[in-house]
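Numbering (the working numbering), first residue to last: 5 to 113.
Quick reminder that beta carbons are idealized off the backbone N, C-alpha and C, glycines included.
Working notes, structure below.
Spelled out as structure tokens, the structure:
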């Protein structure tokens, strides 16, 4: 499952990711040029192991954001001012289906 963009009128279909695995839950960052999303393409554990990555809208600049081996990080969203990232995660969960919300400062390199 890969990520694509398309214009509202149905033209301009472009594939963003070519990673394999499941790439989903995309969210545009405040600059509207980069996308944060959840993927298991690089999972060393089981199928349910997902981390957050950022990618440029043109498909370049892939960068890992979270490191939750054998865990689940997904549903990323950026605060309205672009300073905070929030996401759901299984880290610190007491059971296999427990999710917690995490809020982190977003720092640019």
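* Using only alpha-carbon positions, find the residue among 14, 53 and 104 that is nearest to residue 27. => In the chain shown, residue 27 corresponds to position 23, counting from 1. Answer by Cα proximity: 53.
* To do: Would you mind stating whether residue 31 and residue 7 have Cβ atoms separated by less than 8 Å?
  => The residue you call residue 31 lines up with position 27 of the chain shown. The residue you call residue 7 lines up with position 3 of the chain shown. No, they are not a contact pair.
* Going along the chain, which residues of its own chain have a beta-carbon closer than 7 Å to the beta-carbon of residue 44, five neighbours each way excluded? -> Start at 1 with the first residue of the chain shown, and residue 44 comes out as number 40. Hits under 7 Å: 25, 26, 51, 53 and 54.
* Closest by C-alpha distance to residue 36, when choosing among 19, 62, 113 and 56 -> For the purposes of this step, residue 36 is identified with residue 32 of the chain shown, where counting begins at 1. For residue 36, the closest alpha carbon among the candidates 19, 62, 113 and 56 is that of 62.
* **Rounded separation between residue 9 and residue 64 - CA only** => Residue 9 sits at position 5 when you count from the first residue of the chain shown. Residue 64 sits at position 60 when you count from the first residue of the chain shown. Approximately 14 Å between the Cα atoms of the pair.
* Asked: In its own chain, which residues sit with a C-beta less than 7 Å from the C-beta of residue 96, not counting the 5 before and 5 after it?
  -> Here the question's residue 96 lines up with position 92 in the chain shown. Taken in chain order, the residues that qualify are 104.
* Asked: Hey, how far is the Cα of residue 83 from the Cα of residue 39?
  -> As a working mapping, residue 83 is identified with position 79 in the chain shown. As a working mapping, residue 39 is identified with position 35 in the chain shown. One C-alpha to the other measures close to 14 Å.
* Look at the alpha carbon of residue 56 and the alpha carbon of residue 5, and state the distance between them as a whole number of angstroms. => Sequence index remark: in the chain shown, residue 56 carries index 52 (1-based). Sequence index remark: in the chain shown, residue 5 carries index 1 (1-based). When rounded, the separation of the alpha-carbon atoms in residue 56 and residue 5 is 15 Å.
* Counting along the chain, where does the beta strand (DSSP E) carrying residue 5 start and finish? -> As a first step, residue 5 must be located in the chain shown, where it is residue number 1. Counted as a single uninterrupted DSSP element, the stretch harbouring residue 5 is not any beta strand (DSSP E), since DSSP gives it neither H nor E.
* To do: Could you pull out every residue in the same chain whose Cβ sits closer than 6 Å to the Cβ of residue 21, ignoring the five residues on either side in sequence?
  => Taking the first residue of the chain shown as position 1, residue 21 is located at position 17. Within the same chain, residue 21 has close Cβ partners 6, 7 and 27.
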